[in-house]
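K.L.:
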Amino acid sequence: MKKKIRIDAKEMISLMVLFEMGTSMMSIPGRNAGKDAWIAILISMVFGAMLFVCYGSLHRRFPDLLMTQYCRTLLGKKAGSALAFLYIVFFLYGGARDLRDTGILIADRTLQHTPLTVICALMIGLVMYVMHLGIEVAGRTAIIMLILLLLLGLATNILILLAGIVDVGNILPIAEHGWQPIWQVVYSQAVMLPYGEMVTFAMILPTLKKGYRANGVGVTAVLLGGLLLSVVTLSNVLALGENVFKRATYPLLSMISKVEISDLIDRIDVIGVMTVIIFDFFKIFIFYYATVKAAEDVLRISYRKLILPFGLIMLVSCVLMALGYQHHLVIGEFVLKWLFPIFAVFFPFLLLIVSWLKKTRNKKGEENAP
110 MKKKIRIDAK
120 EMISLMVLFE
130 MGTSMMSIPG
140 RNAGKDAWIA
150 ILISMVFGAM
160 LFVCYGSLHR
170 RFPDLLMTQY
180 CRTLLGKKAG
190 SALAFLYIVF
200 FLYGGARDLR
210 DTGILIADRT
220 LQHTPLTVIC
230 ALMIGLVMYV
240 MHLGIEVAGR
250 TAIIMLILLL
260 LLGLATNILI
270 LLAGIVDVGN
280 ILPIAEHGWQ
290 PIWQVVYSQA
300 VMLPYGEMVT
310 FAMILPTLKK
320 GYRANGVGVT
330 AVLLGGLLLS
340 VVTLSNVLAL
350 GENVFKRATY
360 PLLSMISKVE
370 ISDLIDRIDV
380 IGVMTVIIFD
390 FFKIFIFYYA
400 TVKAAEDVLR
410 ISYRKLILPF
420 GLIMLVSCVL
430 MALGYQHHLV
440 IGEFVLKWLF
450 PIFAVFFPFL
460 LLIVSWLKKT
470 RNKKGEENAP
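The opening residue of the sequence shown carries number 110 in this note's numbering; numbering runs sequentially from there.
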């Protein structure tokens, strides 16, 4: 009998937090709110926790089923399979986009003369290798990496304070232009990125060890990741000021590059780049894992046989998805505003409502039975 793959709460939370921080550390969701972006992230965090309760409730109803499996259970074979296929495309797009984002970062900051395709090929190759090792290995590695990155983040913040580049006046007055710009950013950007993307974990929650509540684990991760992201954003604004924060391609790296305490502590932005790459790697892996497991369920083919094909598909997609950087950003804004809510909010809540209706109907049927 095949052993069921299980990971514990600490591993799941670590994967979730790394997923939340991945790419969000680069772009900082909600930057259009300017110096109040950290507030937008905190508000979005609350909505993100509510979203995850929906995903967790579906998992509690179907604890051993992948999202693609209970799609068929609730909607029927044809409609459920169609929705499952759409989620394969959704996960694949998310992974390909983040792969391209990471490749652009590496090409811009460290390997300027290396083609984007080569960088992305190396990254997806490593992702496929971890996929071959299994989610348990990824979970154990996530704990180590999260602890290491938190320590590095703490050390970096101490250096930023010692460097004297923090100006509290950069965040004052709070909500200077009212709350409407903040709420607009919450709706258009900060909820979907990264919290809406957490729907991906509907493909991973069945691996959570028995005895742990998915809602408790997920909400804990959402709150922890949201607080960390808010602190990072607040630090960026304090160090850079609103104008530079909004204009910078990578605010975090711009902030870190300003740290110059002595000849011994200089150019720590290299550490910042490596930190962002690690966060991004885990996010790409989660999207890739969900893609392959969903395809395994829909196509009825062992996931090990799908590792290479879907790795190549994700690589090609990441290279061909945009004509250039600006085109990449425009597509991303459109998808984030109009398509992500369909997969992160509409479909999950539709499934939850259908689940409740079926449960209620079954109870009435049992009560009316002779």
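Cβ atoms here follow ideal geometry from the backbone N, Cα and C, with glycine treated the same way. Treat the numbers as computed from the prediction; the structure is a model and nothing was measured.
(1) State the start and end residues of the unbroken alpha helix (DSSP H) segment that holds A299.
(2) Under a three-way DSSP split, which group does I137 fall into?
(3) Would T342 and A216 qualify as a contact pair, given that the criterion is a beta-carbon distance under 8 Å?
(4) Run through DSSP, which three-state label would L174 get?
(5) In chain order, what residues of the same chain have a beta carbon less than 7 Å from the beta carbon of F200, not counting five sequence neighbours either side?
(6) Where does the unbroken alpha helix (DSSP H) through V454 begin, and where does it stop?
(7) Pull up the CB-CB distance for E351 and G143, whole angstroms please, since I reckon it's below 8 Å.
(8) Give the DSSP-derived three-state secondary structure of I116 in the structure shown.
(9) Determine the extent of the alpha helix (DSSP H) in which F310 is found, giving its start and end residues.
(10) If I follow the unbroken alpha helix (DSSP H) through R249, where does it start and stop?
(11) Which residues in the same chain have their Cβ closer than 7 Å to the Cβ of I52, if we skip the five residues on either side of it in sequence?
(12) I'd like to confirm the pairing. Which residues does DSSP put opposite L317 in its beta bridges?
(13) Determine the extent of the alpha helix (DSSP H) in which Q221 is found, giving its start and end residues.
(14) Can you name the start and end residues of the alpha helix (DSSP H) that G441 belongs to?
(15) If you draw a straight line from the alpha carbon of R218 to that of C163, how long is it in whole angstroms?
(16) Within the continuous alpha helix (DSSP H) that includes N345, where are the two ends?
(17) For Q289, count the other beta carbons within 10 Å of its own beta carbon; 16 or more makes it buried, fewer makes it exposed. Which is it?
(18) In the DSSP assignment, find the alpha helix (DSSP H) that holds L408 and state where it starts and stops.
(19) Any C-beta of chain C sitting closer than 8 Å to the C-beta of I377?
(20) Go ahead and pull the three-state DSSP assignment for I462.
(21) Give the straight-line distance between the Cα atoms of L124 and G243, rounded to the nearest whole angstrom.
(22) If you reduce the DSSP assignment to three classes, tell me which class T211 lands in.
(23) Can you tell me whether S123 is helix, strand or coil according to DSSP?
P.N.:
In this structure, then:
(1) That residue, A299, is in no alpha helix (DSSP H); it is neither H nor E in DSSP.
(2) It is coil, neither helix nor strand.
(3) For T342 and A216, no; Cβs fall outside 8 Å.
(4) Three-state result, L174: coil.
(5) Beyond the five residues adjoining it in sequence on each side, F200 comes within less than 7 Å, by CB distance, of T309, F396, A399, T400, A403 in the same chain, given in chain order.
(6) Careful: V454 lies outside any alpha helix (DSSP H) and carries neither H nor E.
(7) 5 Å
(8) strand
(9) It is not in any alpha helix (DSSP H) - F310 carries neither H nor E in the DSSP assignment.
(10) Note, R249: alpha helix (DSSP H), 244-272.
(11) It is not possible to answer for residue 52, since the shown part of the chain is limited to 110 through 479.
(12) I116
(13) Looking at the DSSP string, Q221 is not in any alpha helix (DSSP H), and its letter there is neither H nor E.
(14) Residues 434-443.
(15) 39 Å
(16) 323-349
(17) exposed
(18) 378-408
(19) Reference to chain C is not applicable here, since this structure consists of a single protein chain.
(20) helix
(21) C-alpha separation (whole angstroms): 13 Å.
(22) Helix, per DSSP.
(23) helix
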